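S.K.: Protein chains in written order, with our numbering: chain A, 218 to 587; chain B, 1262 to 1805.
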Amino acid sequence: MSTITTPLSGPHTHAQRSTGQIMALVTFALLPATAFGFYLFGWPAFNLWLLTIVSALLSEAVTLWIARKPVLFYLGDGSALLSAWLLAMTLPPWAPWWIAVMGGVIAIVLGKQVFGGIGQNLFNPAMLARVVLLISFPVELTSWVTPQVIGGSTSPSFIEGLMITFRGYTIDTVSSASVLGHVRTEVSAGHHLSTLMSQMPSPEDMGLGFMSGSMGETSAAFIIMGGIFLIYKRIITWHIPAAMLASTALLAMIMHGANPERYVGAGFHLTAGGIMLGAFFIATDLVTSPSTPLGKIIFGAGCGGLVYVIRTWGGYPEGVAFAVMLMNAMTPLIDHYIRPRIYGHKRRGVSLTYSGKRLESAHKFETKND
Amino acid sequence: MIHKLNRFHGGLHLPDHKAVSMQAQVTPQPLPKQLVIPLQQHIGAIDEPSVNPGERVLKGQLIARSDAHVSAPIHAPSSGTIVAIEARPVAHPSGMPAACIVIETDGKDEWTTLTPCADYTQLSPETLRQRVHEAGIVGLGGAGFPSFIKLTPGIGKVVETLILNGAECEPYITCDAMLMQARPDTVLQGAQIMLQAVQARHCLIGVEDNKPTAIAALQHALQALNDDRIRIVPIPTIYPTGGERQLIKVLTGKETPTHKLPIDVGVVCHNVATAAAVADAIIEGKPLISRYVTVTGAGIGQAHNLEVLIGTPMQTLLEECAARNVPDMQTIMGGPMMGFVVEDLQAPVIKTTNCLLHQTKPQSQAALPCIRCGECMRVCPAQLLPQQLYWHARAKDLDKTQDYKLFDCIECGCCAYVCPSHIPLVHYYRFAKTEIWAREREKLKSDHARERHEFHLQRLERKKQEDEERKRKKRELLQRAESPDDNKQDAIAAALERVKAKKAAQQVAPQNTENLTTAQQAKIDAIESRRKTLSNDSGQDEGQ
């Protein structure tokens, strides 16, 4: 990047916020959900998280060094840390070490640096890595465990955690399907939802996150907390999360209304799987989402619609990663067509005209206020 | 009387730092030994000096003017002697020196004869404009556009609203606030004169609500004046409310169409300081030779407003206000958002110098790549897409920058202020604008050259055609001259024709040949046969 030192003309003052701070705030917003993930799935989840981050940071350092960019300067922006963190949160909590390491490398090298580094990538690096892993290693990426709360009798100790992460120990009794996967299997086997729902976690448990699922995706409550913090801090806007959740909920409501025995309701869709994390933290990724408010709404609605379609009729029980990546590909198009109305222009870009009539009405408006 | 206000898109709430320079009253700056008066202090044509070195001038005397329409004359700020007319350092973003008139002051401060006017209401709008022009008044808000032009609505244009801009939205600057506080009557008189000059129906004075004292002073003065055409409107403090088009939107709800002027929506907008200068010029006959300047910033010991003669070196102002002189300090003319760094502090105060901001240089921060956070778009008062403009400007894709309406950018600096990647966005836009202007000039030049060339070719072609025409005619004439028998032969041919015709006429058909007796017929046949032989004989004779 070019560096202009001491500019001769304004502005000679600057707001406090920097890119590093933005990344730090997003990371901070992830803390509650992450801590809950550690609590729910124990040491293996922590190992997974740590390995993904270390692998991503190392990949970032190496690629920056190869590209002859200042390594520490760019590492300091925190974007690699954030990508890896988000990826770890979407992985099965007891996944083996090489999934974490590979995920970190793919996210940074294929997802970001080959495009030219921070700000240049077309796809969300975390989602790109997750999709690559899911397609390449479907078994590891769909092996879930029931919550093994830290302090509980079944929670693995630190040593057991290392064994699970590095030696591939599996404890058959705790393996389970994710709620979305379970519903999908049962419904396609011809079972009715009304009989199925009794085996599901209660809506309260699902909202808080006491269910099997990805490391940091299960707790809708903690994720929403983080998301609202980000909106309050003006890092993201409400447009993408609202549009995404609303479109999924709307489709779920319509289909559930049409056939309640086959299609689960909106509440289930909004609390299960990765949609909350996707709506507040993944789809809102600044680099890969549109910039205008209307563009964001279109983008969010597209993500939400695709999530529902993939979950319901697609080949995978969960579709957040695919949905976000597909809409990432649409971002340049959306940004090209959706532009704000510029001061003094009509929406289509031509100059405003004031015919006599228009002016007169403007005057009337004014005199009314006199 | 609540005035309904409107909002413009974006904008910033900036820490205003205004209180620091509002503590003390305005103090007149002592007369400097030397005044350096640049010949260009306004937008438009540069002035020609009308005095010579060695000449003595009086305070208020005209010293430079231009015949161009867009220009403003310049007057001597104090009495003294012209010692030089030469290039001196001036306050300009380019840092280039420019032509100045240098006056050695004599300390007498002796005025030239002024022509005050007790009752301006007797003056026609035309006369008012003329006097504003002669007083050298330019927009004192910073742009420096000759004011009399903006007081000329133009044929067929009706001014509904006159707006006086007292927003002063940039942080640190308080010269307008102090002026409204110290001389509210003058500002209001200026408003009345301007109302008469543009024949507007009413006048709105917009003042940001972070200046309650100024608002109160104006309102108090307005009560005494009792002019219901004028209204003082407190407006929310959002940078850049003081931008002309933004202020018009806030106060009237009207948006000035792009490529048009406020007058096209029935609005004329002037700065409050300009209004005060107009009042001084019309009522007292004084030309514009001094102004209020805010001297402030972290590097200033006693920040306050000074009444400064045009041409006073900036250095003396800083000394007056106890500026700390340490390295790593810089002085900015204007505010922190849109001002520019003054390289040489010997540069003089000019008509548009509203503020000197003396502070430590900001730490140069390396720019990171854009992360498309869109904050720039959220704060842009023109509702542009600064991010896209930046990409295209950086790629030198000048057509695309114009697609994204680069020229609607008012360079307020909001985008660069909030950019978390510290990208100097305004620099890129300025660069792109300059490139486009340069390209257009080039194009104009090459168009001109091409037209000239085409015309040249056309002329050659025409000349060739004319030459050929002339040659052809000449050739014909020559041919005729070469064959002089033509006429004789013609005459011979004509004679032959005539003979032939005669012959044909002679060989008429015989008449009364019906009802002939056989004897008569025999006689005729005999005659005919004789005649034939005769004519045959004569034919043979001819042949011989």
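All C-beta atoms, glycine included, are put in the ideal place defined by N, C-alpha and C.
What you are looking at is a predicted structure, and each value in this text was computed from that prediction instead of being measured.
Runs of 3 residues minimum, wholly inside the region 1696 to 1755 of chain B: which ones carry the beta strand (DSSP E) assignment?
M.R.: none
S.K.: Taking D1316/B as the reference, which of T1288/B, S1332/B, H1330/B, I1346/B has the closest Cα?
M.R.: The question names Asp, yet the displayed sequence has Glu at residue 1316/B. When each option's Cα is compared against that of E1316/B, the closest is I1346/B.
S.K.: Pull up the distance between the alpha-carbon of F427/A and that of Q365/A, whole angstroms please.
M.R.: Computed Cα separation, rounded: 10 Å.
S.K.: Once DSSP output is grouped into helix, strand and coil, what is the label at A1783/B?
M.R.: helix
S.K.: Report yes or no: do three or more beta-carbon pairs, one from the region 305 to 315 of chain A and one from the region 467 to 481 of chain A, lie closer than 8 Å?
M.R.: no
S.K.: For the alpha helix (DSSP H) containing S1551/B, list its first residue and its last residue.
M.R.: Looking at the DSSP string, S1551/B is not in any alpha helix (DSSP H); the run it does join, the beta strand (DSSP E), is 1551 to 1557.
S.K.: With DSSP collapsed to three states, give me the class of G1467/B.
M.R.: Of the three classes helix, strand and coil, the one that applies to G1467/B here is strand, per DSSP.
S.K.: Could you give the distance in angstroms between the alpha-carbon of R234/A and the alpha-carbon of Q416/A?
M.R.: 48 Å
S.K.: Any residues in the region 475 to 507 of chain A with a beta carbon nearer than 7 Å to a beta carbon of chain B? Which ones, in chain order?
M.R.: L503, V504
S.K.: Would you please verify whether the beta carbon of K1666/B is less than 9 Å from any beta carbon of chain A?
M.R.: yes
S.K.: By DSSP, does T1809/B sit in helix, in strand, or in coil?
M.R.: Here chain B covers residues 1262 to 1805 and nothing more, so residue 1809/B does not appear.
S.K.: Show which residues of chain A have a CB atom less than 9 Å away from the CB atom of L1606/B.
M.R.: Neighbours of L1606/B on chain A: none; closest Cβ ~15 Å, over 9 Å.
S.K.: Helix, strand or coil: which one does DSSP assign to V481/A?
M.R.: coil
S.K.: Out of G1271/B, L1266/B, H1264/B, K1265/B, state which residue places its alpha-carbon closest to the alpha-carbon of R558/A.
M.R.: G1271/B
S.K.: From I499/A to A1359/B, what distance separates their C-alpha atoms?
M.R.: I499/A and A1359/B have their C-alpha atoms some 56 Å from each other.
S.K.: Among the residues of its own chain, which have a CB less than 6 Å from the CB of P1293/B, if the five just before and after it don't count?
M.R.: T1573, T1577
S.K.: Taking a Cβ distance cut-off of 9 Å, strictly less, list which residues of the region 288 to 314 of chain A are near chain B, in chain order.
M.R.: From the region 288 to 314 of chain A, only F290, Y291, D294, S296 have a Cβ closer than 9 Å to chain B.
S.K.: Of the choices A1396/B, E1545/B, L1721/B, A1285/B, whose alpha-carbon is the least far from that of T1442/B?
M.R.: What sits at residue 1442/B in the sequence shown is Gln, not Thr. The shortest C-alpha separation from Q1442/B is found at A1285/B.
S.K.: Got a sec? Which residues, its chain only, sit under 7 Å from G1321/B by beta carbon, not counting five neighbours each side?
M.R.: H1336, A1337, W1372, T1373, L1375, K1547, P1548, I1550
S.K.: Quick one: Cα of G491/A to Cα of D552/A, how far?
M.R.: 26 Å
S.K.: Going by the beta-carbon positions, is the gap between P1642/B and I1671/B smaller than 9 Å?
M.R.: The beta carbons of P1642/B and I1671/B sit closer together than 9 Å.
S.K.: How long is the line joining the alpha carbons of L576/A and I1499/B, rounded to whole angstroms?
M.R.: Confidence at L576/A is low in this model, with a pLDDT of 41, below 50, so the placement of that residue is unreliable and no value is reported for it.
S.K.: Quick one: using the 10 Å Cβ neighbour count with 16 as the cut-off for buried, is S405/A buried or exposed?
M.R.: exposed
S.K.: Taking one C-beta from the region 1650 to 1669 of chain B and one from the region 357 to 372 of chain A each time, how about it: are there three or more such pairs within less than 8 Å?
M.R.: In short, these stretches do not touch, since the Cβ pair count stays below three.
S.K.: Below 7 Å on C-beta distance, what does I1593/B contact in chain A?
M.R.: Within chain A, the C-beta atoms nearer than 7 Å to that of I1593/B come from H229, in chain order.
S.K.: Ignore the nearest five residues each way along the sequence and tell me which others in T488/A's own chain have a CB closer than 6 Å to its CB.
M.R.: M423, G424, A437
S.K.: Mind checking if T223/A is an interface residue toward chain B, Cβ cutoff 9 Å exclusive?
M.R.: Per-residue confidence for T223/A stands at a pLDDT of 45, beneath the threshold of 50, marking its modelled position as unreliable; the derived number appears in the next sentence. Chain B, which has a Cβ nearer than 9 Å to the Cβ of T223/A, makes this yes.
S.K.: Listing by chain order, which chain B residues have their CB less than 7 Å from the CB of A232/A?
M.R.: Y1678, V1679
S.K.: Using only the alpha-carbon positions, how far apart do I527/A and F539/A sit?
M.R.: 8 Å
S.K.: What's the gap between the Cα of H1274/B and the Cα of I1304/B?
M.R.: Rounded to whole angstroms, H1274/B to I1304/B spans 30 Å at the Cα level.
S.K.: Decide if V356/A is buried, meaning its Cβ has at least 16 other Cβ atoms within 10 Å, or exposed.
M.R.: exposed
S.K.: For chain A, find out if any of its Cβ atoms is closer than 9 Å to the Cβ of C1631/B; answer yes or no.
M.R.: yes
S.K.: When you compare each of G1504/B, L1567/B, G1402/B to N1532/B by their alpha carbons, which one comes out closest?
M.R.: G1402/B
S.K.: With distances taken Cα to Cα, identify the nearest neighbour of I1298/B among A1306/B, E1365/B, K1279/B.
M.R.: E1365/B
S.K.: Answer yes if the region 291 to 299 of chain A comes into contact with the region 334 to 348 of chain A, meaning at least three C-beta pairs across the two stretches below 8 Å, and no otherwise.
M.R.: Three or more pairs of CB atoms, one per stretch, sit closer than 8 Å, so the region 334 to 348 of chain A contacts the region 291 to 299 of chain A.
S.K.: Quick check on the DSSP output: the alpha helix (DSSP H) that includes F258/A runs from which residue to which?
M.R.: 236 to 258
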